[in-house]
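Student: Under my numbering, the residues of the sequence shown are numbered 34 to 576, in order.
Idealized CB from N, CA, C, for every residue including glycine.
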Amino acid sequence: MTYDWYKDAIFYEVFVRAFSDSDGDGIGDLRGLTSRLDYLQWLGVDAIWMQPICPSPLRDDGYDVSDYFGVHPDYGTLADVRALVAEAHRRGLRVIVELIPNHTSDQNVWFQASRDPSHPEHARYRDWYVWSDTDDKYRDARIIFIDYEPSNWTYDPVRKAYYWHRFFSHQPDLNYDNLEVQKAMLRVVQFWSDLGVDGFRVDATPYLYEREGTSCENLPETHAYLKRLRAFLDAYAPGTMLLSEANQWPEDVLPYFGSGDEFHMNFHFPLMPRIFMALAKADRSPIERILARTPDLPGDCQWATFLRCHDELTLEMVTPEERAFMWDFYAPEPRMRLNLGIRRRLAPLLDNDRRRIEVANAILLTFVGSPVLYYGDEIGMGDNIYLDDRDGVRTPMQWHAGLNAGFSDAQPECLYDPVIDDAVYGYRQVNVAAQREDPDSLLTWMRAMLALRKQHPAFGRGALQLLAPDSPAVLAYLRVANDETLLVLANLSADPQEVTLDLADYVGAVPVDLLSEEPLPRISCDAYELQLGAYGYRWLRLG
Ligand code: NOJ
């Protein structure tokens, strides 16, 4: 039996805290999300990926787990998870939850017991974390949250030793050399599988093990454990999908697919900034170059592609020159920058220019992989760079023009974060209700494009063949599957383009525009001519 639904799926990332508040406490929750499933079904997504919902002090919005076997009281109960999953399944939607194997919160009882020699469970948990008497081991490992952390080691006065952490100092890394830790994470996976979830987005996969003299990333031991996790899941809950977050170059990500026996999916991190770079420069070559570096995947595997997510737009997988360019172009103000990235949402990044937002999405929906949309980007939500860390791209979902944008009945002062209320992106202008009514809205357009993508499995499964039109501003490619060939064109510039394509292999075919169903002139010789407006795009069927 094959379980490769994710190859055709459109994913929707949702921050439960931000989506919909059912009980008026100013915080989004699982019941709120469940009440919005009709919307997500209407929109046409296939799978919902929820950011962390486990108990946590929320110093990293739940990526600091204090208990893997529960639900944060802000969000609801395990019964609410079951209800959400049942209601999602009833609508044909799948539910993906987070697995955060690399680190816990420092409030987790595992860490509390590990750090404290007088804790009754200390003997059991002593070696569950990476402790050292000095802070000079693993010097070759980079620091990831460079704006916050001076070192990957922090001294703990209780244990009187240093502990290792790749992220915030309140997120100690688990010690995967310890067999009990290995088993504990399998129990976590088992627990959440029992709740009926369809998959896991696995956080920070490259960092599970540490070895002296290495970058402590992508180590063979890490891959061996991840394969064990996959084998466990295949046996325990066959068909459960694993999506890895390895922010690495394509050649370093390839091993995370194994030979089809590690992850089903990995995010394609390096592609994402290059879509923005290509648009900024009106030049397709950054996309061409990263595609040339993108390997074919083993049978049932698939890339997950995205434009924006809950984190900063990461610029880790670009050269220093490219990073400087991206910062200058897309993050002119210091508050727009964070770590090695840009903390802005899609619409503001693209100057709220509908043409650029459309062409970026038109590429996302037709290029390699399965697209992952970020909540709110379907209506062009804005951001708030005056909030801390990445909070500015995690503000309440804008449902309608009424109180709190329809997110919550609480007093506006009680919301976990303020609703965006500025002149351009404020909820009175930008909201779901208004856009649902408007046949020309971004939301209406997104919904139509999602439906169109789903009618053509070649977008998820076909081979991708780049074409080479004269103008560097035109990105053109074929998606070739057994029963259909699709041609996609995207103009990365504000100047209209006359495009001449070599379609010698398709002489005799009558291209049909997928959007309008209108036929185009028959391809009668190898040089086929088309026009594209400013930031225009076309999706054509060649036969
Ligand atoms: C990656 C997550 O996407 C990010 O939000 C988080 O802060 C780090 N991992 C640490 O868990």
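Out of curiosity, what's the CA-to-CA distance linking residue 121 and residue 515?
Tutor: So the two alpha carbons sit approximately 32 Å from each other.
Student: Could you tell me the alpha carbon to alpha carbon distance between residue 568 and residue 475, rounded to whole angstroms?
Tutor: Going from the Cα of residue 568 to the Cα of residue 475 covers about 15 Å.
Student: Give the straight-line distance between the Cα atoms of residue 170 and residue 46, rounded to the nearest whole angstrom.
Tutor: Roughly 37 Å between the two C-alpha positions.
Student: Opposite residue 326 in the DSSP bridges: which residues?
Tutor: Residue 326 pairs with nothing; no bridge assigned.
Student: Consider the Cβ of residue 138: report whether some Cβ of chain D lies at a distance smaller than 8 Å.
Tutor: In the structure shown, chain D does not exist; there is a single protein chain.
Student: DSSP three-state call for residue 424: helix, strand or coil?
Tutor: In this structure, residue 424 counts as helix in the three-state DSSP scheme.
Student: Helix, strand or coil: which one does DSSP assign to residue 74?
Tutor: In this structure, residue 74 counts as helix in the three-state DSSP scheme.
Student: Could you tell me whether the Cβ atoms of residue 119 and residue 79 are closer together than 8 Å?
Tutor: Taking 8 Å as the Cβ cut-off, residue 119 and residue 79 do not qualify as a contacting pair.
Student: With distances taken between CB atoms, is the gap from residue 84 to residue 48 smaller than 8 Å?
Tutor: Yes.
Student: Once you ignore the five residues that flank residue 292 on each side, which residues in its own chain have a CB closer than 8 Å to its CB?
Tutor: The residues are 331.
Student: Which residue's Cα is closest to the Cα of residue 369: 421, 392 and 350?
Tutor: Of the candidates 421, 392 and 350, the one whose C-alpha sits nearest the C-alpha of residue 369 is 421.
Student: What residues in its chain sit with their C-beta under 7 Å from that of residue 457, if we drop five residues either side in the sequence?
Tutor: The residues are 385 and 415.
Student: Does the beta-carbon distance from residue 261 to residue 237 come in below 8 Å?
Tutor: Contact: no.
Student: Can you name, in chain order, every residue of its own chain whose Cβ lies under 6 Å from the Cβ of residue 411, other than the five neighbours on each side?
Tutor: Excluding residues within five positions, the ones whose Cβ falls inside 6 Å are 476 and 479.
Student: Kindly indicate which three-state DSSP category residue 390 falls into: helix, strand or coil?
Tutor: Three-state result, residue 390: helix.
Student: Bridge partners of residue 336, per DSSP?
Tutor: The partner list for residue 336 (beta bridge, DSSP) reads 299.
Student: Shortest alpha-carbon distance to residue 81 belongs to which of 103, 100, 39 and 106?
Tutor: Measuring from the Cα of residue 81, the nearest candidate turns out to be 39.
Student: Count Cβ pairs between the region 144-157 and the region 263-277 that sit closer than 8 Å; are there 3 or more?
Tutor: Result no; under three Cβ-Cβ pairs closer than 8 Å.
Student: Ligand 1 and residue 200: does the residue's C-beta get closer than 7 Å to at least one heavy atom of that ligand?
Tutor: Because some heavy atom of ligand 1 lies under 7 Å away, the Cβ of residue 200 counts as near it: yes.
Student: For the beta strand (DSSP E) that contains residue 530, what are its first and last residues?
Tutor: 530-535 is the extent of the beta strand (DSSP E) around residue 530.
Student: Just to confirm, are residue 326 and residue 283 a CB contact at a threshold of 8 Å?
Tutor: Contact flag set, yes.
Student: Do residue 176 and ligand 1 come close, with the Cβ less than 7 Å from some heavy atom?
Tutor: False, no ligand heavy atom lies under 7 Å from that Cβ.
Student: According to DSSP, is residue 437 helix, strand or coil?
Tutor: Here residue 437 sits in helix by DSSP.
Student: What does DSSP give as the partner residues of residue 29 in its beta bridges?
Tutor: Absent from the model: residue 29. The displayed extent of the chain is 34 to 576, so no value can be given.
Student: As a quick exercise: from 301, 206, 472 and 50, pick the residue whose alpha carbon is nearest that of residue 161.
Tutor: The shortest Cα separation from residue 161 among 301, 206, 472 and 50 belongs to 206.
Student: What separation, rounded to the nearest whole angstrom, lies between the Cα atoms of residue 349 and residue 381?
Tutor: Between residue 349 and residue 381, the C-alpha separation is close to 21 Å.
Student: Classify residue 506: buried if its beta carbon has 16 or more other beta carbons within 10 angstroms, exposed otherwise.
Tutor: The residue is buried, with at least 16 neighbouring Cβ atoms inside 10 Å.
Student: To the nearest angstrom, how far is the alpha carbon of residue 502 from that of residue 62?
Tutor: Their Cα atoms are separated by approximately 49 Å.
Student: Whole angstroms are fine: how far does the CA of residue 565 sit from the CA of residue 541?
Tutor: The alpha-carbon atoms of residue 541 and residue 565 are separated by roughly 22 Å.
Student: With distances taken Cα to Cα, identify the nearest neighbour of residue 439 among 464, 227, 72 and 519.
Tutor: Among 464, 227, 72 and 519, the Cα nearest to that of residue 439 is on 464.
Student: In the DSSP output, which residue or residues are listed as bridge partners for residue 560?
Tutor: In the DSSP output, where bridge partners are listed per residue, residue 560 has 535.
Student: Which residue marks the beginning of the beta strand (DSSP E) containing residue 44, and which one marks its end?
Tutor: 44-47 is the extent of the beta strand (DSSP E) around residue 44.
Student: Going by beta-carbon coordinates alone, are residue 98 and residue 141 separated by less than 8 Å?
Tutor: Yes, the pair counts as a contact, with Cβ atoms nearer than the cut-off.
Student: Okay, do the region 341-358 and the region 369-378 touch, 3+ Cβ pairs below 8 Å being the bar?
Tutor: Yes, since at least three Cβ pairs between the region 341-358 and the region 369-378 fall closer than 8 Å, the two stretches touch.
Student: So, for residue 53: in the same chain, excluding its five sequence neighbours on each side, which residues have a beta-carbon less than 7 Å away from its beta-carbon?
Tutor: Closer than 7 Å at the Cβ level, and outside the excluded window around residue 53, lie 61, 65, 66, 68, 69, 430 and 440.
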